[in-house]
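For reference, the structure discussed in these notes is given below.
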Amino acid sequence: MESTVLQFYDQLAGEYHLMFADWTEEVTRQGETLARIIQSHLGQANLGTPMPSVLDCACGIGTQAIGLAKQGYRVHATDLSPGAVARARQEASAFGVNLTFDVVDFRALANKVSDTFDIVLCGDNSLSHLQEDDELYLAACQMRARLKPGGLLLASIRDYDRLLNPTDAGTADPGLPGQRGTQMQQKPRGTMPQVFDDKDGRRIVFQIWDWAGDGRSYAIHQYFVHETQAGIQTTHHVSRFRALQRHELSAILTRAGFADIQWQLPAQSGFYQPLVSARNL
Ligand SMILES: C[S@@+](CC[C@H](N)C(=O)[O-])C[C@H]1O[C@@H](n2cnc3c(N)ncnc32)[C@H](O)[C@@H]1O
């Protein structure tokens, strides 16, 4: 059964790292990549002491928030899911980095976040959970309101432009780091299984996507299959994404008052998803 977004990520909080070959390495890698990207936008001159402040408003278990804290950024990390935030707190302490955390819906950041930041980050396709333009507009306005004048928004979404408008049959969606989507006729039906050799047996991770009749959204079924000596154990979680295209998000950011909106594809940015940058000028 399809869960609410909050239920989905609360259920996933203990398993989210299993989507990666080695989540700990991923935290470091993504932190380094994002730090390079931020530097390219803000310039070296703005990276003195104190380091820029970051609000990661969809921090989840902390992949980017902890990674950026490791790079010296001052990070406040928030998320809709109390389970994800609780796990992120534990992980931050395991990494030995200092971050502050809170549970907040990014459509209502002002309810709990009063500071303004040099950077607001919303990574990993989080915005695509919002199905309607008005909700996206609300979220974009809330993110802009938490930026200092001149501040930088960074948000990443899955490459729906490529998924919905494939130009060549062999082109696959990079999905999560390490995952590639299958190109099947009109709409992809999921991601290719990733097989990891854990100490206690194989771990197989994949998604199945059920598209809505209007083609605008899909239910995502996230599967984790563990082969252990005790047998095969499967967990399965269901949520929904809108297939949000870049021009749609750009229009919403413009409407919310952002300026200098630019997209970078993974080949340009080094980040694993298309990444939009926008300024609060
Ligand atoms: C794909 S996960 C990415 C998590 C995180 N970036 C990480 O790598 O650990 C998407 C995150 O967006 C959060 N999210 C979705 N809708 C949200 C909302 N309206 N407000 C705040 N967070 C939201 C989810 O709870 C989830 O943790």
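Read left to right, the sequence shown gives residues -18 to 262 (our numbering). We treat Cβ as the ideally placed atom computed from N, Cα and C, and that holds for glycine.
- Glu208 is the residue among His110, Glu208, Leu262 whose C-alpha sits nearest the C-alpha of Asp179.
- By the Cβ criterion, the region 131 to 146 is not in contact with the region 66 to 80, since fewer than three pairs of Cβ atoms, one from each stretch, lie closer than 8 Å.
- Using a Cβ-Cβ distance cut-off of 8 Å, the region 77 to 85 and the region 56 to 67 are in contact, since at least three pairs of beta carbons, one from each stretch, lie closer than that value.
- When only Cα atoms are considered, Gly131 and Asp99 end up about 8 Å apart.
- In this structure, DSSP gives Val66 a helical state, which the three-state scheme calls helix.
- If you check the CB distance, Tyr(-3) and Ile42 come in under 7 Å.
- In its chain, beyond the 5 residues on either side, Val56, Val78, Leu80 have a beta carbon closer than 6 Å to the beta carbon of Ala50.
- Around the C-beta of Asp195, fewer than 16 other C-beta atoms lie within 10 Å, and the residue is accordingly described as exposed.
- Gln(-8) and Val206 have their C-alpha atoms some 16 Å from each other.
- Arg127 places its beta carbon 7 Å or farther from that of Leu230.
- Between Gln254 and Asn106 the beta-carbon gap is near 7 Å, inside 8 Å, which marks them as a contact.
- Annotated three-state conformation of Gln(-8) is helix, per DSSP.
- Ligand 1 never approaches Leu145 closely enough for any of its heavy atoms to be under 6 Å from the residue's Cβ.
- Assignment of Ala224 by DSSP, reduced to helix, strand and coil, places it in the coil class.
- Annotation for Gly131: no alpha helix (DSSP H) segment contains it, though the beta strand (DSSP E) segment containing it runs 128 to 137.
- Membership of Ser198 in the beta strand (DSSP E) is indicated by the continuous run 198 to 209.
- Distance from the Cα of Pro169 is smallest, within the candidate group Ile201, Ile213, Leu15, Leu144, for Leu144.
- Among the bridge pairs identified by DSSP, Val176 is matched with Ile185.
- Excluding residues up to 5 positions away in sequence, Leu134, Leu234, Phe239, Ile242 lie with their Cβ nearer than 6 Å to the Cβ of Ala259 in the same chain.
- The C-beta of Arg197 has fewer than 16 other C-beta atoms within 10 Å across all chains shown, which makes the residue exposed.
- Distances from the alpha-carbon of Leu256 to those of Trp244, Gly64, Met0 put Trp244 closest.
- Burial state of Arg68 is buried, judged by a 10 Å Cβ sphere holding 16 or more other Cβ atoms.
- The three-state secondary structure of Val84, taken from DSSP, is strand.
- Judged by their CB atoms, Gln123 and Leu90 are nearer to each other than the 7 Å cut-off.
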